[in-house]
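> First the structure, which I've put down as structure tokens, then a few questions once you've had a look.
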Amino acid sequence: MSGLTHSVKRPAKERVKDWKEIQKDIPINLAYAEATRCNFCYEAPCIKGCPAGVDVSSFIRRIAVGDFSSAISIIKESNPFAGVCARICPAEKFCIGECRSQFSTSPLDIASLQRFAADMELLRGVRLPEIAQAGKGKRVACVGAGPAGLACAAELAKRGYRVTVFEQNKRPGGMLTYGIPSYRLSQDIVDTEIAQIKKMGVAVQTEKKITNVKKLKAQGYAAVFVGTGAWKSRWLDVPGTDLDGVWDALEFIDAAKFNKTKPRVGDTVVIFGAGNTAMDCAGTALRLGAKRVIIIYRRGRAEMPAWDCEVLCTFEEGTEFMLLTAPKRILGKKKVEAVECIKMKLGPADESGRPRPVPIPGSEFTIQTDTVIQALGQETDPQLLKEFGLTADKRGCIKTRADGLTSIPGVFAGGDAVNGGATAVEAIAAGRKAAEAIDKYLRKK
Amino acid sequence: MTTATAHRLLNVDFCGVKFKNPFILASAPPTTTGEMIMRAFDAGWGGAIIKTLVPEGEPVLNVAPRLASLPYGKNRMAVLQNIELTTDRGVRVWLKEIGQMKKRYPDHVVIGSIMASGTMKKEWQELTKRVQGAGADMIECNLGCPHGMPERGMGSVCSQDPEITKHITQWVKDVATIPVMIKLTPNITDIKVTAKAAQAGGADALATVNTVAGLIGVDLDKIEPLPSVSGHSTYGGLSGPGIKPIALRAVCEIFKATNCAISGIGGVGSWQDAAEFILVGATTVQVCTAVMHWGYRIINDLCEGLVNYMEGHKFNSVAEMVGLAAQKITMHESLDRSYRLVSSINKDLCIGCGLCYVSCQDAAYQAIKWDSKKREPTVEEEKCVGCGLCSHVCPIDYCVTMKRSNVALKKQH
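As they're listed, the protein sequences go chains V and P.
Counting with our numbering, you get residues 1 to 445 for the letters of the first sequence.
Counting with our numbering, you get residues 1001 to 1413 for the letters of the second sequence.
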């Protein structure tokens, strides 16, 4: 969710009662009004602001002139996840942040315009891109059906390759499916856009774990793309984490989204961490019936890693923020009963450049709670890299060249597995970039 | 400010008829009935021209829809097309209503609009006598309606022929005891010719423009011209903001070519529009489309805005303003060739959109340089011919302006 100067959020009191999307549909008159504000800049900076290189200025102009099918085609030329990114992209950091209208009135709500274009396509029927004939016959494998792998696959399919995507989970989509609650991104949108990629000729095999990349090459795949993401949750090792009622954030979101019996959270939920996933856990807990949701974060508001719009949404829905507070231990016999916390103050900057939180001695206090969720972020699983035999960088991510080539010839990588965890649009951009490199590599071969 | 509609500065004398203010409702849908006109008078309109009367026995059968609009940008009715005919209410009904209006609103001007063909001397004269007998203050002869009526020899075909214009004017003037205004069509090569003909026939005033003949659009799904009446359409009359420049020119031309008082019509929606019409020669202005869009209540902003403007410019009357800009229209040949202008970009206001650069590259003289990194346009004065395109495409007010320059223009090869 982004700017939302026009597309309106549903009132917090209403939206916490269901799992439908927070953002309302964009009516055609508002889309027109917004699109006609576009200056159609020369060398449009919004395009450079988009990691996937979407020709923003052109698609907005198509909306302004009432040619909605061209608008979505332009977006999909660079991004097969148009509807997804319209909903979850922090566009202020990208295209919207570059919009020149910010210097006169206000920047265009590009995310909402993209959402409008994607929604119109769903209403009016999907037009698939033309499939190139070059390179036909050559097979490519993508490991991981997240945004990076699927974007890579879609781009390769467009270029005429036969692509198979292997996914260890039951459902494709990666973090889009398992890491984002449906009130932020309807699963229908994810499923629809993946179905479109499949229609382009991409095969997706789920519940198929790949451990050996070289074996894939032996099976006849001329090149491999590794887009396995960053799934290993960081875990705050305080006493009591083994108690019933302590959840890992991703498992919690997954269970709330897909389990037949939804997690029972009780009246109070305490969340450790203040990133986007923590915000998502807070919204999910409220929708599961929690009466009181508390986010505990050891630093201050300015240091919170979640995007502003996410924090605002969470705040509107009634989540409490206990900042400058760190959990010391989780209390309980068999089940979580309380969390003991300690107040913090900010000291000089640490290696991350943010002020280091320092405990205030004697400031301990206890919060009664029924559930604790650990939402401290995720990182690349070093074990996976070892299995693949790929060289890692200092942070434990896959080491690649700029074009995505790994330490193994013919094996490329991109997305969270390489950058350590960033936005969907950056993963999509990396997947497409790798597809280009794979195409080049296979043409030379 | 509630009395602005009767402000002393706005009082006008138009062919001897006194108006509280120069704003008249044109003969059109806002004057469909006497009851409506009286509500307009309550709102503050200076005068109103009734929907045009045709001789009794002439059928007036309207269609649906009879309107279609061309939206542009935020304006839902940048141009409006109508194919509505003259009044479909009886002559007798109207005569009664004219009497009622004058009885209840003696200080407001009621103008009877009449129409017949170029051969119907008797009908023209009868309508004239009946309308003035009912108490109307003026008569407007509708020689300008471009749709429907011309098929029967009425409306715009009359003021497309100077001979017909002249003899109709004479017929009406022969029996009229009140001032006669001739409403002219702009759908003619040279409106000066018909304006002079009307003057020769004895017209007291001229009203222009009637609607501009047009075809507003085509329904691309149904492949039908608009407005589509069950699949078919007919050419119509255009009004609204889009036709204002055509109307200004017509008013200016007849102001310079005749001695008649002028009622300016065509796209008046704001006090600025009204002031422009007055400055090119109109003494009163007629309004229709803007009222169709926003209602009678706009009379308040029209009057207040015009009063404020007049006070700002120290005008003591509308009469003082009439035609001041028209005098400054000259031959192209007479324009000052030594007046050298160049584009000037205010870098503090510039948002770096690059539109001035693109337009100068693709439609002018390549006199603007573009710094891709800084997103900054710079004018090369020796290449700039001062056409002004960049100042019009710039989305920011006052960012690109034209300034005087001593830098000589380098000849391009």
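Here a beta-carbon is modelled for each residue, glycine too, at the ideal position from N, C-alpha and C.
So which residues on chain P does ARG100/V lean against when the C-beta distance must stay under 8 Å?
Within 8 Å Cβ-Cβ: ILE1351, GLY1352, CYS1353, ARG1375.
> Mapping DSSP to helix, strand and coil, what is TYR1398/P?
The answer is coil: DSSP assigns TYR1398/P none of H, G, I, E or B.
> Taking DSSP as the reference, what is the three-state secondary structure of GLU1376/P?
Note: GLU1376/P maps to strand in three-state DSSP.
> Just tell me which of ARG162/V, ARG401/V, LYS334/V, PRO327/V has its CA closest to the CA of PHE365/V.
If we check each option's Cα against that of PHE365/V, PRO327/V comes out closest.
> Kindly provide the ranges of any alpha helix (DSSP H) runs that are 4 or more residues long and lie completely inside the region 1052 to 1109 of chain P, ordered along the chain.
Segments of the alpha helix (DSSP H) lying fully in the region 1052 to 1109 of chain P: 1091 to 1104.
> For a contact defined as C-beta to C-beta under 8 Å, what are the partners of GLY1073/P on chain V?
Chain V residues near GLY1073/P: THR36.
> Under a CB-based cut-off of 9 Å, is PRO1241/P close to chain V?
It does not: the Cβ of PRO1241/P has no partner Cβ on chain V nearer than 9 Å.
> Residues of chain V with CB under 8 Å from VAL1379/P, in chain order?
The premise fails here: VAL1379/P is roughly 15 Å from chain V at the closest Cβ pair, so nothing lies under 8 Å.
> Answer yes if the region 379 to 395 of chain V comes into contact with the region 341 to 357 of chain V, meaning at least three C-beta pairs across the two stretches below 8 Å, and no otherwise.
Judged by Cβ distances under 8 Å, the region 341 to 357 of chain V makes no contact with the region 379 to 395 of chain V, as fewer than three pairs qualify.
> Label GLY83/V either buried or exposed according to how many other C-beta atoms from any shown protein chain fall within 10 Å of its C-beta, with 16 as the threshold for buried.
Buried, since its Cβ has 16 or more Cβ neighbours within 10 Å.
> Please report the distance separating the alpha-carbon of LYS335/V from that of GLN23/V.
Looking at the two C-alpha atoms, the distance is approximately 36 Å.
> Beta strand (DSSP E) containing ALA1205/P: first to last residue?
Here the beta strand (DSSP E) through ALA1205/P covers 1205 to 1208.
> DSSP on ARG447/V, reduced to helix/strand/coil?
Residue 447/V is absent from the structure shown; chain V starts at 1 and stops at 445.
> For the beta strand (DSSP E) that contains GLU364/V, what are its first and last residues?
Where GLU364/V is concerned, there is no enclosing beta strand (DSSP E), given that its DSSP letter is neither H nor E.
> If the criterion is Cβ atoms closer than 9 Å, does the pair ARG298/V and LEU331/V meet it?
Contact flag unset, no.
> Hey, quick one: how far does the alpha helix (DSSP H) through PHE388/V stretch, first residue to last?
Run containing PHE388/V: 382 to 388, per the alpha helix (DSSP H) assignment.
> Mind checking the region 1379 to 1401 of chain P against chain V and listing, in chain order, the residues whose C-beta falls within less than 7 Å of any C-beta there?
Under the 7 Å Cβ criterion, the region 1379 to 1401 of chain P contributes PRO1395, ILE1396.
> Note down the Cα distance separating ILE1246/P from ILE1278/P, rounded to an integer number of angstroms.
Each residue's alpha carbon lies about 15 Å from the other.
> What would DSSP say about MET1149/P, mapped onto helix, strand or coil?
DSSP places MET1149/P in helix when its eight states are reduced to three.
> Mapping the DSSP letters down to three states, classify SER1344/P as helix, strand or coil.
It is a strand residue.
> Which residues, in chain order, does the region 36 to 52 of chain V contribute to contact with chain P at a C-beta distance below 8 Å?
So the close ones are THR36, ASN39, PHE40, CYS41, TYR42, GLU43, PRO45.
> PHE59/V to ILE1216/P, Cα distance in whole Å?
Computed Cα separation, rounded: 28 Å.
> Report the three-state DSSP secondary structure of SER1159/P (helix, strand or coil).
In this structure, SER1159/P counts as helix in the three-state DSSP scheme.
> Measuring alpha carbon to alpha carbon, tell me which residue in THR284/V, ASP237/V, LEU216/V, VAL238/V is nearest GLU251/V.
It is THR284/V whose Cα lies nearest to the Cα of GLU251/V.
> Show which residues of chain V have a CB atom less than 8 Å away from the CB atom of TYR1357/P.
Chain V residues near TYR1357/P: TYR42.
> If you drop the 5 nearest sequence neighbours on each side, which residues of the same chain put their C-beta closer than 8 Å to that of HIS1108/P?
These residues qualify, in order along the chain: LYS1020, PHE1041, TRP1045, GLY1046, GLY1047, ALA1048, MET1101.
> Less than 9 Å separating the beta-carbons of ILE210/V and VAL204/V?
No, they are not a contact pair.
> Which bits of chain V does SER1372/P rub up against, with CB to CB less than 8 Å?
Correct list: GLU43.
> Relative to the alpha-carbon of ALA417/V, which residue among ASP403/V, PRO11/V, CYS397/V, VAL411/V has its alpha-carbon at the smallest distance?
Per the Cα distances, CYS397/V.
> Please classify VAL425/V as buried or exposed, where buried requires at least 16 neighbouring CB atoms within 10 angstroms.
VAL425/V is buried by the Cβ-count criterion.
> Going along the chain, which residues of its own chain have a beta-carbon closer than 7 Å to the beta-carbon of ALA44/V, five neighbours each way excluded?
If we look at ALA44/V and ignore the five residues flanking it on each side, its Cβ neighbours are VAL56, SER57.
> Compare the C-beta of ALA31/V with all C-beta atoms of chain P and state if any pair is closer than 9 Å.
With 9 Å as the cut-off, ALA31/V does not count as an interface residue toward chain P.
> Express the C-alpha separation of ARG432/V and ALA413/V in angstroms, rounding to a whole number.
Using only the alpha carbons, I get a separation of about 11 Å.
> Measuring only the C-alpha atoms, how far is MET344/V from ILE26/V?
About 43 Å.
> Hey, is LYS1256/P close to the ligand GTP, as in C-beta under 8 Å from one of its heavy atoms?
Questions concerning the ligand GTP fall outside what the structure shown contains, since it holds no ligand whatsoever.
> Quick one: what's got a C-beta closer than 6 Å to ILE373/V's C-beta in the same chain, skipping five residues either side?
Excluding sequence neighbours, ILE373/V sits near TRP247, ALA249, PHE252, ILE271, CYS281.
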